[in-house]
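K.L.:
Taken in sequence, the protein lines are chains P, L and B. Under numbering that gives the first Met the number 0, the first sequence has 123 at position 124, and the numbering climbs by one with no breaks. Under numbering that gives the first Met the number 0, the second sequence has 149 at position 150, and the numbering climbs by one with no breaks. Under numbering that gives the first Met the number 0, the third sequence has 286 at position 287, and the numbering climbs by one with no breaks. Handing you a structure now.
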Amino acid sequence: MLELDAVTKRFGGLTAVGEVSFRATPGEILGIIGPNGAGKTTLFNVISGFYPPDDGRVLLDGRDVSKLPAHQICALGLCRTFQLVKPFGNLSVEDNVMIGALTRLPSVAAAREEARRVIALCRLEALAGTAARSLPIGLRKRLEVARALATKPRLLLLDEVMAGLNATELREMITLIRTLHAEGLGLIIIEHIMAAMMRLAHRIVVLHHGEKIAEGPPESIARDPRVVDAYLGEEFVLAGP
Amino acid sequence: MTALPQLLVSTVLLGGIYALIAVGLTLIFGIMRVVNFAHGEFLMLGMYLAFWSFTLWGLDPYFLLVIAVPLFFAIGLGVYALVMRGVIHASHNVQIFTTVGLSTALQNVALVFWTGDFRFVRPWESSIVIRIFGAAFNLSQVIAFAVALLFTLALFAFMKWTHAGRVMRATAQDGEAATLMGIDTDRVYRLAFAIGIACVGVAGVLISPLYSVYPTAGLQFVLLAYVVVVLGGLGDMVGALLGSLIVAAVEVIGSYVFGSAWKEVIYFVLFIAVLVFRPAGLLGQRGAEALGV
Amino acid sequence: MRRHALAAFVFGASAAAPLAIRDGFFLDSLILILMWGAVSGAWNVAGGYAGQVSLGHSAFFGIGAYSAALMATRWNASPWLGMLVGAVVATGAGLIIGYLSNRLKGPYFALATIAFSQVLLIVASRWRGFTAGSEGVPVPFRPGFWTLGFASKVSWVYLILCLALAVYLVQVYLERSRIGYRLAGVREDEDAAEALGIPSRRLKVMAVAASAALTSVCGSLWAQYVGFVDPFYVFSVDLSIRFSLNAIIGGVGTAMGPFIGSILITSLETFLRASFSDVRGGLVGIYLIIYGCLLIVVVRFIPQGLVGWFGQRFRAMRLHARA
């Protein structure tokens, strides 16, 4: 579904992403991990169209989308969330999600209905009328996912949706992700919380200094000496199940 | 090109004045990250101060400087406490409309008290014409330039060699980090703003013999100052100097080629062009991207 | 329909008033209130609903005013045609400004719009061959509908009321429609909106262009009503600030806000003008000092404006009443 072919992104003299290639297929949850500054979010920015790659290509269903702007890539079925969540603060939760739904649906009424459905799926019904800016971080993250879901993507990119969640919220987010996967949604997840990643991902890509240093199922990644090396000195959160 | 010496001299003299205005503005903007739409009004107030002192008491504007500096510094402190403090971390709308409101209020205070008539300050220095190498200029211009240069250099020295200056530069680079280091950013902002207003007030006094004085005199200068500041890079004082010279050159040459009636069009167009094509400033530094441009 | 109660009241009262009150001064004030409300509503499309705060909207107003005036004086054309031409030209200018809005944010965009309006001011005031330069253009009065020559102020009240209603409905549309919601997303967070498939750059440009066209139409009608186009007035920064002032005070991003703001501000101005008309001209500037201070206070402490503020209290009261 999604293919990266030697994607490179430079900022001045810094190569944030260097010749990264991998494939994401429907039906699997792909994880992307790496120490801070490895280039994970930059990679998401390139895939989702916020930055054009300096070299290499991004292919969605075989079509080169490297130069397309973000809103067109979303229309093609790829949606992403932001690491630092960006809710539409002054609007209600329902309006937030509805704006996502309007991407595919032509009428406000239809979009509102879809928004209600997605809100129910993400267990946010009680807060549908609340202004987004009054939500605590855990619920903001869930809103971020709900809003992206409303655009009916085929491939969803989640950028550290678990950071800052407490144990209960974490469990609920994991359940949500599993549900989405069961419904056939393709997922690419950036995470720092290893325990969650190990349990969710079918395959993991490891980035370090912008380059892919390893790729494979969770068990082999955990044992890979290059990966352990890269994380040496880095503390990663092992949140409980 | 017999006009060249004149153009050069005019550019330098004008550039010096713009530098004083711009340096104060880049200080405020670089440290507080607030676009102050009322900046030109303090220039206007400086001009009126010079006018009234001259008209009522025959005081030469240059002697006035002794009072103008502390006066405008105090005004800066006051305005900061009353108006600017609440605006620093607020949304763009609040910043824009608070300073626009201030600008409107100040302009009309001037209008109400002193009417919209164009006023003129003509101290004896402005009638002395100096001619060198085919360039002619009057003593007022030279004094304005010299004093402006002095103030600018003093400001540079302050920023570079004093503790307070270092603290201000640190805050300009990263306000949050500065707070974490124990710097009282509120005091830094207050000082920066007061210095900036003092600079522009002094500039107003200095240029009063050179331009007519009226309530909306600040408008053209404020836009100009922003062109300079953006061109030179936000918070970059050397950039402000360079920018001032460039803008002065464009204005002087533009005037010469197209006539002074159109020179305002030139720098308005220049302003838009700079913002669109070179928002990071000439030196390509932390420029207007700091404002999310 | 409760939503439109305020509008129904204000517009209804405006429609009924000329039937009862024939005083010329009163009708003139009513026309101006509705007129400035409409322009502020037009500004609101860009500034409130799209979040692109412009301080140079007088550029569009002036384009409309000049189009109507020049078409009438130079080519003997109907001012309605002038209005159309003005709207087209203003849309073009709006596209330019819209482009700028994608390059510049917040205060810098505002500064650039000021510069733009001042360029137009200088061009209009110096281009003697075309615009009669700084003398301005008097608008000929030719009685009749197609020449917008109404001797009776009552006709003007109803004409401007139609304009006000149109602007109100445009804003309401922006609150309820698909495009309006997407625009709200752009206003709240452009990146997030972009990631959700909203073509934010295109929408912003469209909003600014629409706002420009509407403002221009208001300018054309204003020129016909007042009868004289002075470049130093129609392109002034003061006027631009005035447009935004009504919306800020009344409630930026609400459909009735600009009108409520206009009622307050225009009434205040008319009252002060009348009170001080026999004193030195400069004293009239007092109302502008008040505006300046009002702007500072309102934008800090009542950012949602009067309509927003009352709306919140009203909802809170109803919530309490239910509980």
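Quick reminder that beta carbons are idealized off the backbone N, C-alpha and C, glycines included. Here the structure is a predicted model, which is why all the values come from computation and not from measurement.
1) Checking contacts by CB at 8 Å: is B/PHE231 closer than that to chain L?
2) What number of angstroms, rounded off, separates the C-alpha of B/GLY226 from the C-alpha of B/SER57?
3) Decide if L/THR151 is buried, meaning its Cβ has at least 16 other Cβ atoms within 10 Å, or exposed.
4) When you compare the CB of B/LEU147 with every CB in chain L, is at least one pair closer than 8 Å?
5) Name, please, each residue of chain B whose Cβ falls closer than 9 Å to the Cβ of P/ALA241.
6) What residues in its chain sit with their C-beta under 6 Å from that of L/ARG285, if we drop five residues either side in the sequence?
7) By how many angstroms is the C-alpha of L/VAL11 removed from the C-alpha of L/ILE131?
8) So what does P/SER91 bridge to, in DSSP terms?
9) May I have the straight-line CA-CA distance separating B/ILE178 from P/ARG9, to the nearest angstrom?
10) Under 7 Å, CB to CB, which of the residues in the region 87–98 of chain L have a partner in chain B?
11) For the candidate residues L/GLY45, L/ARG32, L/VAL251, whose alpha-carbon lies nearest to that of L/PRO20?
12) Could you give the distance in angstroms between the alpha-carbon of B/VAL296 and the alpha-carbon of L/VAL82?
13) Under the DSSP definition of a beta bridge, which residues are partnered with P/ASP158?
14) Considering just the uninterrupted stretch of the alpha helix (DSSP H) at B/SER210, what are its terminal residues?
15) Cβ of B/GLY284 within 8 Å of Cβ of L/VAL212?
16) Just the C-alpha distance for B/ALA92 and B/ALA212, rounded to the nearest angstrom, thanks.
17) Output yes or no for whether 8 Å exceeds the beta carbon distance between B/ASN101 and B/LYS203.
18) Establish whether the CB of L/PHE119 and some CB of chain B are separated by less than 8 Å.
19) For B/GLN117, is the classification buried or exposed, using 16 other Cβ atoms within 10 angstroms of its Cβ as the cut-off for buried?
20) In chain order, what residues of the region 166–198 of chain B put their CB closer than 8 Å to some CB of chain P?
21) Compute the Euclidean distance between the alpha carbons of L/PHE96 and B/PHE8, then round it to the nearest angstrom.
22) State the Cα-Cα distance for the pair B/VAL166 and P/ALA119, rounded to the nearest angstrom.
23) From this set, P/HIS180, P/ALA149, P/ALA15, which residue's C-alpha is nearest P/LEU101's C-alpha?
24) Rounded C-beta distance between L/PHE28 and L/VAL201? I'm assuming under 8 Å.
25) Once you ignore the five residues that flank L/SER52 on each side, which residues in its own chain have a CB closer than 8 Å to its CB?
26) Hey, is L/LEU26's beta-carbon within less than 8 Å of any beta-carbon in chain B?
27) Within 8 Å (strictly less), CB to CB, does P/ASP94 reach chain B?
28) Just to confirm, are B/SER266 and B/ILE32 a CB contact at a threshold of 8 Å?
29) Kindly indicate which residue of P/VAL57, P/ASP60, P/ARG141 has the alpha-carbon position closest to the one of P/PHE81.
30) Are the beta-carbon atoms of B/THR72 and B/VAL122 separated by less than 8 Å?
31) Please report the residue range of the alpha helix (DSSP H) in which L/PHE50 lies.
32) My assumption, with CB atoms under 8 Å, is that L/GLY195 sits in contact with L/LEU26. Please give the rounded CB distance.
33) Should B/PHE231 and B/SER124 be called a contact, given that it needs their Cβ atoms to be closer than 8 Å?
34) Check whether the Cβ atoms of B/CYS217 and B/ALA37 lie closer than 8 Å to each other.
35) Restricting to Cα atoms, I'd like to know which of B/ILE259, B/ALA183, B/SER28 is closest to B/LEU5.
36) Please report the residue range of the beta strand (DSSP E) in which L/ASN137 lies.
P.N.:
Per the coordinate set shown:
1) no
2) 18 Å
3) buried
4) no
5) Limits of chain P in this structure are 0 at one end and 240 at the other, which puts residue 241 of chain P out of reach.
6) With a pLDDT of 46 at L/ARG285, under the threshold of 50, the predicted position of this residue should be treated as unreliable, though the coordinate-derived value follows. Hits under 6 Å: none found.
7) 14 Å
8) P/ALA130
9) 36 Å
10) HIS91, ASN92, VAL93, GLN94, ILE95, PHE96, THR97
11) According to the sequence shown, residue 20 of chain L is Ile rather than Pro. Comparing Cα positions, the closest option is L/GLY45.
12) 9 Å
13) P/ILE189
14) 199–225
15) no
16) 9 Å
17) yes
18) no
19) buried
20) ARG175, SER176, ARG177, TYR180, ARG181, ALA183, GLY184, GLU187, ASP188, ASP190, ALA191, ALA192, GLU193, ALA194, LEU195, GLY196, ILE197, PRO198
21) 30 Å
22) 38 Å
23) P/ALA149
24) With a Cβ gap of about 18 Å, L/PHE28 and L/VAL201 do not count as contacting.
25) LEU58, PRO60, LEU63
26) no
27) yes
28) yes
29) P/ARG141
30) no
31) 38–56
32) 5 Å
33) yes
34) yes
35) B/ILE259
36) 134–137
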